[in-house]
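If you read the protein sequences in the order shown, they are chains A and B. Going by the numbering used here, the residue at position 23 of the first sequence is 23; the numbering climbs one at a time, nothing skipped. Here the numbering used here = 1-based position in the second sequence + 303. Every residue, glycine too, gets a C-beta built ideally from N, C-alpha and C.
Protein chains: 2
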Amino acid sequence: MNVHIASYNTFPTAAGLASSAAGYAALVTALSELFGAKETYPGEMSTIARQGSGSACRSLYGGFVAWRMGGKQDDGSDSIAQQVAPESHWPEIRALIMVVSDAKKGTSSTAGMSTSVATSSLLDYRAKELVSKRMSIIEKAWMERDFQTFGRLTMIDSNQFHAVCLDTFPPIFYMNDVSKNIIQIVHVYNEWAGEIRAAYTFDAGPNAVLYTLEIYTVELGALMLKYFPAYCEKYICNNQFKCKVDAFTLEPSLVEAAERTSIKPCVGDVKKIYFTKSGPGPKTLGPEHAVIDSKTGLNKYKA
Amino acid sequence: MNVHIASYNTFPTAAGLASSAAGYAALVTALSELFGAKETYPGEMSTIARQGSGSACRSLYGGFVAWRMGGKQDDGSDSIAQQVAPESHWPEIRALIMVVSDAKKGTSSTAGMSTSVATSSLLDYRAKELVSKRMSIIEKAWMERDFQTFGRLTMIDSNQFHAVCLDTFPPIFYMNDVSKNIIQIVHVYNEWAGEIRAAYTFDAGPNAVLYTLEIYTVELGALMLKYFPAYCEKYICNNQFKCKVDAFTLEPSLVEAAERTSIKPCVGDVKKIYFTKSGPGPKTLGPEHAVIDSKTGLNKYKA
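Structural data, given as C-alpha cells:
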C-alpha cells in the first residue's frame, strides 16, 4: 500500500513545544489505524512512537501520562507510556503556554540528551537516585489533585533538568533571560499568595508552560500579560479568556511585589500565549472535519 | 587601640568579582600586622578571613591557592587555604575579566550557598563524590602547567556550580544571556583551534573570567572585543594590550566559525575588560605609596 502523508500543525515546530511528540503520536496512530495494526501487549504502540521522538510515547494518551523507564528488556520493549489518569480526573487543571521564541532550537532535544548522557556527571545520579522517587510523588499528587505538591515538584524537576543541561559539556542552555524573568514572576506570585498557584516547567526550549487551577487562570494571565505584553494581536489563543484577562484588576500588593523584581515589561519578549487544558490523545477526524486548502486544493482536517 | 579603617577598591563591589574576598583578605592582613598577631598553626589567618567571606581565605596568598574542605574539626579550624604554587610557577597564565554587569547581585554568594545547601539535591552528591577528585586533577594540572586539563576542568566545574544554583529552590541564576554568548564564543574558539586556548569560569555573577596563555591573549582579546565591544572607552584596563588587540587581524576561518553562532555584537553587553595575570597576596604599602586624596585630604595608598 502506498501512503501519502500530509502533516501540518498549529504549534511552532522544533521550538521546544513538543511538536515532534505530537507529530509522531499522530503518525503512529494514523498508520496503525490504516493498517489495522493491534498491540501484542499494552503500550506497544508507544514503544514505536518513542523511536521517532522520546516524548511522543506519552502523546498517545490523554490526561496525565507516565513514560515508564523500563530497562529490564534489552530491546527497550518495556519502556512504555501509561495513562495515569484520563483528562476527566482533574478537570480544573489549566496551562498557559508562553511562547518566548518560536525560532528553531540551537540544540535538538534528542541530540542534547545524548551529549548529556555522555558528559554530565550529575545526570546519572539524577536518573538513578531521584527520578523514580519523584515520579511516585507526582503521580500520587495528580491522583489526589494536590496542586501544592504537584506544582512544587514540577518546578523543582524542571530546574533540575536544565541544571543537567548546564552540566553537559559543552553546556546546553535552553532557557534565556525571558524564561528567567517568567520564573521570577511565578515565584513572586506564589510567595504573595502564600501558596502555589502557578508552576512553571520548561522543556528543551525557552518557552514556559505554566500550570494553574481554573480559579487562578485570569489572575495569572493578567499578571503575565502585565510583565510580558505579547507580540501578536491575538496573543491569547482564546478570545473569551483574553476579554476576561483584559478586564481583570490585579491586587495592588501583588503588583508592588512584582515591581520589586525590577523586570521591565517589553513587548515581544513573549510572542504568544496559548491557554489550554488537559486534553485527549490523538483523534481520527472524519470527512465532516475536512476543509479544502485554498492553496493546494487538497483536504485539510480541522478538529 | 582604636582603629580607623578606610577601605576602597578598584573593582566593582558585590558584582561577583570577589570584591568581598579581596576586602576581607586585606582587612585581616592589615589588622594582624597592626596588632603583631601570629598564627598558632599554618593557615589560621585564612580561617579568620573565611568568616567574612568564604573565598577571602584564598586571597591571603598569591598564585594558585586551594581552599581545603576540612571537616575533621568541629570548629572548622581545619578548613584553611593553602598555596599550591606561587605566582612565579606558571608565568604564562593570563586572565581576561569580562565585566558583564557591575550592578549589585540579586543574590549574595553567601546567602545563595545557604539556600543551595538546604534545597539542592545535586549539591550533596557534587560535594561528596566529585569535588575532591576534581581538586586533585586541577592541582596536578596546575603543577604540570597542563592548560588542556586545567582549562577543560575549569569550564566543566564552573558549569556544574551554576547547575547546582539552578537546582536550588527557588532557582538562582547568576549567568545571563551575555554570559551564555561568551561561553559559546569560547567553545567556538577552542573548536576552531583544535585545542583549549581559553577557559571560562563564572563566580556568583554574570561576569566571565577567561583564562588563557600569554601567546593567545591578543587573539582571544581581539575575538572577544569583536563580539562584545565594550562600553567604556578605556575598555581594556591596560593601554599597551589594547593597542596590540586593535592592531590584530583575526583569521577569516575563525570569524566564519564565530559568525555561525549568530551572536550579534552589541555595545554595552560587556562594560569593561580587565587584562591581568596571577599575582601576589596582600601587600603592605609604605608611605612611598601614599597619595593625598583631593576630595578628603586624607592619604590613599596606591600599589
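Item, Value
"Minimum Cβ-Cβ distance from residue 65 of chain A to chain B less than 8 Å", "no"
"Nearest-angstrom Cβ-Cβ length linking residue 282 of chain A and residue 60 of chain A, presumed shorter than 8 Å", "7 Å"
"For residue 322 of chain B and residue 359 of chain B, the rounded distance between their alpha carbons", "9 Å"
"From B:521, B:567, B:558 and B:480, residue whose alpha carbon lies closest to that of residue 550 of chain B", "B:521"
"Contacting residues, own chain, Cβ-Cβ under 6 Å from residue 509 of chain B (five flanking each side not counted)", "403, 404, 478, 479 and 482"
"Residue 200 of chain A beta carbon less than 8 Å from that of residue 186 of chain A", "yes"
"Three-way DSSP call (helix, strand, coil) for residue 175 of chain A in this model", "coil"
"Own chain, CB closer than 7 Å to residue 441 of chain B, minus 5 neighbours either side, in chain order", "453 and 456"
"Buried/exposed call for residue 307 of chain B, threshold 16 Cβ in 10 Å", "exposed"
"Complete alpha helix (DSSP H) runs within the region 385 to 461 of chain B (minimum length 4 residues, chain order)", "412 to 422 and 434 to 446"
"Residues near residue 64 of chain A by beta carbon distance below 6 Å, same chain, minus five either side", "84, 85 and 142"
"Same chain, Cβ closer than 8 Å to residue 8 of chain A, neighbours up to 5 away in sequence not counted", "300"
"Short Cβ contact (8 Å threshold) for residue 119 of chain A with residue 169 of chain A", "yes"
"Helix, strand or coil at residue 10 of chain A [DSSP, three-state]", "coil"
"Residue 271 of chain A vs residue 230 of chain A beta-carbon contact at 8 Å", "yes"
"DSSP bridge partner residues for residue 72 of chain A (one or two, in chain order)", "Paired residue(s): none; residue 72 of chain A is not in a bridge."
"The region 510 to 517 of chain B / the region 392 to 399 of chain B touching (three or more Cβ pairs under 8 Å)", "yes"
"Contacts that residue 130 of chain A makes with chain B (C-beta to C-beta distance below 8 Å)", "424"
"Runs of beta strand (DSSP E) wholly within the region 203 to 227 of chain A (minimum 3 residues, chain order)", "208 to 213"
"Exposed unless 16 or more other CB atoms sit within 10 angstroms - verdict on residue 349 of chain B", "buried"
"Chain B residues whose Cβ lies nearer than 7 Å to that of residue 166 of chain A", "462, 465, 466 and 469"
"Under 8 Å between C-beta atoms of residue 369 of chain B and residue 438 of chain B", "yes"
"Three-state secondary structure (DSSP) of residue 305 of chain B", "coil"
"Beta strand (DSSP E) runs wholly inside the region 26 to 78 of chain A, at least 3 long, in chain order", "64 to 67"
"Proximity test, residue 23 of chain A beta-carbon vs the ligand GDP heavy atom, cut-off 7 Å", "The ligand GDP is not among the ligands present in this structure, which contains no ligands whatsoever."
"Chain-ordered neighbours of residue 176 of chain A on chain B, where CB pairs are closer than 7 Å", "480"
"Test: residue 586 of chain B CB closer than 8 Å to a CB of chain A", "no"
"Proximal chain B residues relative to residue 189 of chain A, where beta-carbon distance stays under 7 Å", "None at all; the shortest Cβ gap to chain B is about 12 Å."
"Residue environment, residue 155 of chain A, which counts as buried when at least 16 other CB atoms sit within 10 Å", "buried"
"Reduced DSSP secondary structure (H/G/I, E/B, other) of residue 193 of chain A", "helix"
"Chain B contact for residue 206 of chain A (CB, 8 Å cutoff)", "no"
"Whole-number beta carbon distance between residue 352 of chain B and residue 331 of chain B, since they are thought to touch under 8 Å", "4 Å"
"Where residue 291 of chain A falls: helix, strand or coil (DSSP)", "strand"
"Same chain only: Cβ atoms within 7 Å of residue 486 of chain B, ignoring 5 sequence neighbours per side", "503"
"Residue 292 of chain A burial status per 10 Å Cβ neighbour count (16 or more: buried)", "exposed"
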